[in-house]
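**Student:** Below you will find the structure I want to go over with you.
There are 2 protein chains.
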Amino acid sequence: MSMELYDLATADPKLRFSPYCWRAKMALAHKGLSWEEIPCAFTDKDRLPQPNAGTVPVLVDDGNMVSDSWKIAEYLDERYPDKPLFACPESKSTALLVKFWTERTLQPCITRMAVGDFMSTLHDKDKPYFRETREKRIGMPIEQCMSRREQARETFAAALEPLRAMLAEQPYVAGAQPAYADYIVFGALQWMRCGSPFPALRKDDPVFGYRERLLDLFDGFGRKAYCREELV
Amino acid sequence: MSMELYDLATADPKLRFSPYCWRAKMALAHKGLSWEEIPCAFTDKDRLPQPNAGTVPVLVDDGNMVSDSWKIAEYLDERYPDKPLFACPESKSTALLVKFWTERTLQPCITRMAVGDFMSTLHDKDKPYFRETREKRIGMPIEQCMSRREQARETFAAALEPLRAMLAEQPYVAGAQPAYADYIVFGALQWMRCGSPFPALRKDDPVFGYRERLLDLFDGFGRKAYCREELV
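Dropping the structure here:
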């Protein structure tokens, strides 16, 4: 039986932008594995296999159920050691800082640039849950946050400066070839790219070129993903 | 002959706070090597071995001269492969993002908290050079910057959030044991700790505990460093 990956659903069955699910999908593609995706709305938690933490992604493989994108990466490296996602324990530990940099520094900027766009794509039944949890997180009404998105873009551009400087020396966080640390960052960039028409990156930004390289991986797997609007 | 390390001098021969030199010193201590330090003021560049890039640290070892803290780490791992600073090529590449995160996100916060303190420790002959280059970098007079240091401390606390979250899961960036990625971050923390009495970290901050662990390494090598004032 093929693997199953529970992915975050929006109202449009084609549109899947969860950054954590993108990490898992890129990890599976990196391994050359195939999987079936099961879209699951925010308020459809009871459709997830039991017991669950109420979050996606969830991977079901050969009777094993793994929740949490990081644990999925660990599981895949243990169970399918070819084409490792982490080359050594130290690179995995260092990638954990990249994970938290992405989650605590980059992703909040993305929320502030696009939370209203993300909400508008959801099933109506998901919207009250989404508004409540996100407004608590950002400390203001979603509409007010969206009125300040240009400022958030400046903060985002500044937050990317370490990555930009690194890209002047090597093409990927993992070095000459991409690995899981890159899929973490890609998850965030792809979330923004698919879920919002707001132009977050300038085309002349080295981070734009980095995203392009990641979109080209695995026969353009990331590039084939449906985006809300045609984007540059 | 013992190795020589050219280190940044202040007016007080005991006080050495360059973050880049601290990276090199921790790397040497990690390897269990011994070295002689040659203090060199900002405006004493002609005392560095020729040819040089005009920056410290510079390591001279057995006829080899290596400038730049990152290149020194690479040199030490090549020449003295025991107790590696980087466990594998991927962890080294990922550490490069940690390096730029430290330099582009953390260190600017430290400059904004303490640039006036740093200037006051220098030889008088260094001060005009220091003021000119740093004021250009921060875009305002040093005195104005210092009047806003409480704000800079808030920005610093927020910038450390990825590290703080990581520390809830593992004691060091490199994992269970420290390695070069940690010495990069330590360089920044030690720069602040030695060069300024301004309390940058709350004692209950996990980053404070992390710094404590790094200060204890190698028989308290970092802790023995002279600080401008007795600090908590």
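Those protein sequences? They're chains S and U, same order as listed.
For the first sequence, the numbering used here gives the first residue as 1, with consecutive numbering after it.
For the second sequence, the numbering used here gives the first residue as 1001, with consecutive numbering after it.
A virtual CB, placed ideally from N, CA and C, is assigned to each residue, including glycine.
Could you spell out the range, first to last residue, of the beta strand (DSSP E) harbouring U:TYR1006?
**Tutor:** Here residue 1006 of chain U is taken as the residue at index 6 of the second sequence, counted from 1. Element bounds for U:TYR1006: 1003-1008.
**Student:** Can you pull the chain S residues whose beta carbon is under 8 angstroms from the beta carbon of U:PRO1089, in chain order?
**Tutor:** One-based indexing of the second sequence puts residue 1089 of chain U at position 89. Residues of chain S passing the Cβ test: ALA87 and GLY175.
**Student:** Candidates S:GLU103, S:MET146, S:TYR20 and S:VAL185: which alpha carbon is nearest S:LEU215's?
**Tutor:** Looking up residue 215 of chain S in the first sequence gives position 215. Nearest option by C-alpha distance: S:VAL185.
**Student:** Find the nearest neighbour of U:ALA1159 within the set S:GLU103, S:GLY195, S:GLY32 and S:ASP62, judged by alpha-carbon distance.
**Tutor:** Stepping through the second sequence from its first residue, residue 1159 of chain U is reached at position 159. Nearest option by C-alpha distance: S:GLU103.
**Student:** On the DSSP letters alone, give me the boundaries of the beta strand (DSSP E) that S:PRO39 sits inside.
**Tutor:** On the first sequence, residue 39 of chain S is found 39 positions in, with the first residue counted as 1. Its beta strand (DSSP E) spans residues 35-40.
**Student:** Comparing the C-beta of U:PHE1100 with each C-beta of chain S, is any distance below 8 angstroms?
**Tutor:** The sequence position of residue 1100 of chain U within the second sequence is 100, counting from 1. Chain S, which has a Cβ nearer than 8 angstroms to the Cβ of U:PHE1100, makes this yes.
**Student:** Going by beta carbon distance, what residues of the same chain come within less than 6 angstroms of U:MET1065, once the five residues before and after it are set aside?
**Tutor:** Locating residue 1065 of chain U in the second sequence gives position 65, counting from the first residue. Within the same chain, U:MET1065 has close Cβ partners PRO1049.
**Student:** If I'm right that U:THR1111 touches U:ARG1228 with Cβ under 8 angstroms, what's the distance once you round it to whole angstroms?
**Tutor:** On the second sequence, position 111 is the one that residue 1111 of chain U refers to. On the second sequence, position 228 is the one that residue 1228 of chain U refers to. About 16 angstroms separates the two Cβ atoms, so there is no contact after all.
**Student:** Please check the pair U:CYS1109 and U:VAL1056, which I expect to be a contact at CB under 8 angstroms, by giving their CB distance rounded to whole angstroms.
**Tutor:** Mapped onto the second sequence, residue 1109 of chain U falls at position 109. Mapped onto the second sequence, residue 1056 of chain U falls at position 56. That belief does not hold up - the Cβ atoms of U:CYS1109 and U:VAL1056 are roughly 22 angstroms apart, past 8 angstroms.
**Student:** Between U:ALA1095 and S:LEU163, what straight-line distance do the alpha-carbon atoms span, to the nearest angstrom?
**Tutor:** Sequence index remark: in the second sequence, residue 1095 of chain U carries index 95 (1-based). Sequence index remark: in the first sequence, residue 163 of chain S carries index 163 (1-based). Near 12 angstroms, if we compare the C-alpha coordinates of S:LEU163 and U:ALA1095.
**Student:** Give me the residue from S:ASP117, S:ASP124 and S:MET166 with the minimum Cα distance to S:ILE142.
**Tutor:** In the first sequence, the residue the question calls residue 142 of chain S occupies position 142. That would be S:ASP117, whose Cα lies nearest to the Cα of S:ILE142.
**Student:** Apart from the five residues just before and just after S:PHE221, which ones in its own chain have a Cβ nearer than 7 angstroms to its Cβ?
**Tutor:** On the first sequence, residue 221 of chain S is found 221 positions in, with the first residue counted as 1. Taken in chain order, the residues that qualify are ALA29.
**Student:** Using a Cβ-Cβ cut-off of less than 7 angstroms, give me the residues of the stretch 154-175 of chain S that come near chain U, in sequence order.
**Tutor:** Flagged, chain order: GLU161, PRO162, LEU163, ALA165, MET166, GLU169, GLN170, VAL173, ALA174 and GLY175.
**Student:** Taking S:LEU85 and S:TYR172 to be in contact with their CB atoms under 8 angstroms, please state how far apart those CB atoms are, rounded to whole angstroms.
**Tutor:** Position 85 of the first sequence, counted from the first residue, corresponds to residue 85 of chain S. Position 172 of the first sequence, counted from the first residue, corresponds to residue 172 of chain S. That pair is no contact at about 13 angstroms.
**Student:** Output the distance between the C-alpha atoms of U:TYR1183 and S:PRO13, rounded to the nearest integer angstrom.
**Tutor:** Position 183 of the second sequence, counted from the start, is the residue given in the question as residue 1183 of chain U. Position 13 of the first sequence, counted from the start, is the residue given in the question as residue 13 of chain S. The straight-line gap from Cα to Cα measures roughly 47 angstroms.
**Student:** Against chain S, does U:SER1093 count as a neighbour if the rule is that its beta carbon must be under 8 angstroms from one of theirs?
**Tutor:** For the purposes of this step, residue 1093 of chain U is taken as residue 93 along the second sequence, with counting starting at 1. Answer yes: the Cβ-Cβ gap between U:SER1093 and chain S drops below 8 angstroms somewhere.
**Student:** Find the nearest neighbour of S:LEU177 within the set S:ALA165, S:PHE156 and S:ARG213, judged by alpha-carbon distance.
**Tutor:** Your numbering for residue 177 of chain S matches position 177 in the first sequence. The question names Leu, but residue 177 of chain S is Gln in the sequence shown. For S:GLN177, the nearest C-alpha among the options comes from S:ARG213.
**Student:** Do U:ARG1104 and the ligand SAH come close, with the Cβ less than 7 angstroms from some heavy atom?
**Tutor:** Among the components modelled here there is no ligand, and therefore nothing to report on the ligand SAH.
**Student:** Under the DSSP definition of a beta bridge, which residues are partnered with U:ASP1082?
**Tutor:** By 1-based counting over the second sequence, the position of residue 1082 of chain U is 82. The partner list for U:ASP1082 (beta bridge, DSSP) is empty, contrary to what the question assumes.
**Student:** What does S:ARG202 touch in chain U if you count any residue whose Cβ is under 7 angstroms from its own?
**Tutor:** Walking along the first sequence from the start, residue 202 of chain S turns up at place 202. The contacting residues do not exist; S:ARG202 stays about 18 angstroms from chain U at best.
**Student:** What's the gap between the Cα of S:ASP126 and the Cα of S:LYS45?
**Tutor:** Position 126 of the first sequence, counted from the first residue, corresponds to residue 126 of chain S. Position 45 of the first sequence, counted from the first residue, corresponds to residue 45 of chain S. Straight-line Cα distance between these residues: approximately 11 angstroms.
**Student:** May I have the straight-line CA-CA distance separating U:ALA1114 from U:LYS1031, to the nearest angstrom?
**Tutor:** Position 114 of the second sequence, counted from the first residue, corresponds to residue 1114 of chain U. Position 31 of the second sequence, counted from the first residue, corresponds to residue 1031 of chain U. Rounded to the nearest angstrom, the two C-alpha atoms are 31 angstroms apart.
**Student:** Measuring alpha carbon to alpha carbon, tell me which residue in U:ALA1174, U:LEU1217 and U:ARG1131 is nearest U:SER1091.
**Tutor:** By one-based count along the second sequence, residue 1091 of chain U stands at place 91. Of the candidates U:ALA1174, U:LEU1217 and U:ARG1131, the one whose C-alpha sits nearest the C-alpha of U:SER1091 is U:ALA1174.
**Student:** With distance defined between alpha-carbon atoms, name the residue in S:GLU74, S:LEU97 and S:ARG16 nearest to S:CYS194.
**Tutor:** In the first sequence, the residue the question calls residue 194 of chain S occupies position 194. Ranking S:GLU74, S:LEU97 and S:ARG16 by Cα distance to S:CYS194 puts S:ARG16 first.
**Student:** On a Cα-Cα basis, can you pick out the residue from S:VAL60, S:ALA157, S:TRP35 and S:THR43 that is closest to S:GLU132?
**Tutor:** Your numbering for residue 132 of chain S matches position 132 in the first sequence. The shortest Cα separation from S:GLU132 among S:VAL60, S:ALA157, S:TRP35 and S:THR43 belongs to S:THR43.
**Student:** Between which two residues does the beta strand (DSSP E) containing U:ASP1061 stretch?
**Tutor:** Along the second sequence, read from residue 1 onward, the residue named residue 1061 of chain U stands at position 61. Its beta strand (DSSP E) spans residues 1058-1061.
**Student:** Using the beta-carbon of each residue, which ones in chain U are nearer than 8 angstroms to S:ARG104?
**Tutor:** Here residue 104 of chain S refers to the residue found at position 104 when the first sequence is read from its first residue. Residues of chain U passing the Cβ test: GLU1161, PRO1162 and ALA1165.
**Student:** Alpha carbon to alpha carbon, how far is S:GLU74 from S:LEU33? Give it in angstroms, no decimals.
**Tutor:** For this step, residue 33 of chain S is matched to residue 33 along the first sequence. For this step, residue 74 of chain S is matched to residue 74 along the first sequence. Going from the Cα of S:LEU33 to the Cα of S:GLU74 covers about 15 angstroms.
**Student:** Alpha carbon to alpha carbon, how far is S:GLU161 from U:THR1105? Give it in angstroms, no decimals.
**Tutor:** Stepping through the second sequence from its first residue, residue 1105 of chain U is reached at position 105. Stepping through the first sequence from its first residue, residue 161 of chain S is reached at position 161. Approximately 8 angstroms, taken between the alpha carbons.
**Student:** For U:ALA1188, decide whether its Cβ has a neighbour in chain S, counting only Cβ atoms nearer than 8 angstroms.
**Tutor:** Taking the first residue of the second sequence as 1, we reach residue 1188 of chain U at position 188. With 8 angstroms as the cut-off, U:ALA1188 does not count as an interface residue toward chain S.
**Student:** Name, please, each residue of chain U whose Cβ falls closer than 7 angstroms to the Cβ of S:ALA29.
**Tutor:** As a working mapping, residue 29 of chain S is identified with position 29 in the first sequence. Chain U residues near S:ALA29: none, gap ~19 angstroms exceeds 7 angstroms.
**Student:** Would you mind telling me which residues of chain C sit closer than 7 angstroms to U:ALA1181, beta carbon to beta carbon, in chain order?
**Tutor:** No chain C is part of this structure, whose protein chains are labelled S and U.
**Student:** To the nearest angstrom, how far is the alpha carbon of U:LEU1059 from that of U:SER1196?
**Tutor:** Within the second sequence, residue 1059 of chain U is the residue found at index 59, counting from 1. Within the second sequence, residue 1196 of chain U is the residue found at index 196, counting from 1. Between U:LEU1059 and U:SER1196, the C-alpha separation is close to 26 angstroms.
**Student:** May I ask which residues mark the beginning and end of the alpha helix (DSSP H) holding U:MET1065?
**Tutor:** Locating residue 1065 of chain U in the second sequence gives position 65, where the first residue counts as 1. First-last for U:MET1065: 1064-1067, but that is the beta strand (DSSP E), not the alpha helix (DSSP H).
**Student:** Which residues of chain S have a Cβ atom closer than 7 angstroms to the Cβ of U:LEU1097, listed in chain order?
**Tutor:** As a first step, residue 1097 of chain U must be located in the second sequence, where it is residue number 97. Simply VAL98, PRO162, LEU163, MET166 and VAL173.
**Student:** What did DSSP end up calling S:TYR226 once you bin it into helix, strand or coil?
**Tutor:** In the first sequence, residue 226 of chain S corresponds to position 226, counting from 1. Correct three-state label for S:TYR226: coil.
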